[in-house]
Amino acid sequence: MRNAFVKECPFFSVSVVVLAAGRSSRASPNGFHKLLAEFQGVSLIRRSTLIALGCQSHSITVVTGYMRAKIEAEIADLAVGVAHNEHYMSGMASSLHVGVAVAETSQPDGIMIMLADMPDLIVDDLDKLIAEFRRHLGQSVVRAVSQGVPGNPVIFPRYLFGPLKELVGDTGARSLIDLAAPLVAEVEIGNGALIDVDTLEQIVAAGGIFR
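Under the numbering used here, the sequence shown has 224 at position 152, and the numbering climbs by one with no breaks.
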């Protein structure tokens, strides 16, 4: 594990957990990892990590799993923490456990869960979510939407860190968002909230190339 560089935040700090552990089997029939596809000359995992670094985050933790060495090599020079999920095959919940456990050591007020395979996200999208979290005094779940359709990333306030570490399987954190429904704020960020790449065709359609 590599510790993250922690930035000072004046109020209601948000740490980012970038989930990059999945096997991406639909996009990797020949052993090629989708996060190594290049978008504008930069691998998707590096691009996503740079987006996280560029926003008003408190710290960044990248959770790795499948093809760990190659993924970590892409971000080795960046000021982010890296945590390996040995149980990545069991589903997304195990990566949430690892990422939240590391991120909460820097005592943020919220943790943003960001999927590494969303090529259309930009720094401004993440900053809009953080601004909304601060507007709600760090007490609300804040999620990205596109024309009202729920997407990612999502920020979870501190009181949900424990429940995040209790999730099981591959269901993600949607159940916690549903439970927190009265305290969920939505932020419109456009198509970037919904576009992820799970197949070779989707990678190419989104502008990715393989080298």
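Cβ coordinates follow ideal geometry from the N, Cα and C atoms, glycine included.
Within the same chain, Cβ atoms closer than 8 angstroms to the Cβ of Val240 are found at Gly163, Ala165, the five residues on either side in sequence being excluded.
Within a 10 Å sphere around the beta-carbon of Asp189 sit 16 or more other beta-carbons, which makes this residue buried.
A residue is called buried when at least 16 other Cβ atoms come within 10 angstroms of its Cβ; Val214 meets this threshold and is buried. Within the model, the alpha-carbon separation for Glu146 versus Arg118 is close to 6 angstroms. Of the candidates Glu110, Leu255, Val217, Tyr138, the residue whose Cα lies closest to the Cα of His159 is Tyr138. In the pairwise beta carbon analysis, the region 272-281 is classified as not touching the region 200-219: fewer than three pairs are separated by under 8 angstroms. Residue pairing of Ser115 in beta bridges, as defined by DSSP: Glu110.
Restricting attention to alpha helix (DSSP H) runs no shorter than 4 residues, the region 246-280 encloses them at 246-251, 272-277, ordered along the chain.
Looking only at Leu107, Val114, Ser247, Cys127, the smallest Cα-Cα distance to Val135 is reached by Leu107.
About 5 angstroms separates the beta carbons of Val259 and Lys200, which is inside the 8 angstroms limit, making them a contact pair. When the beta-carbon positions are compared, Ala216 and Ile185 stay at least 7 angstroms from each other. Phe205 sits close to Val86, with the two beta carbons spaced by under 7 angstroms.
Rounded to whole angstroms, the separation of the alpha carbons of Pro229 and Ala253 is 13 angstroms. Here Val226 has Ile185, Arg215 as same chain residues with Cβ atoms under 6 angstroms from its own Cβ, once five neighbours each way along the sequence are excluded.
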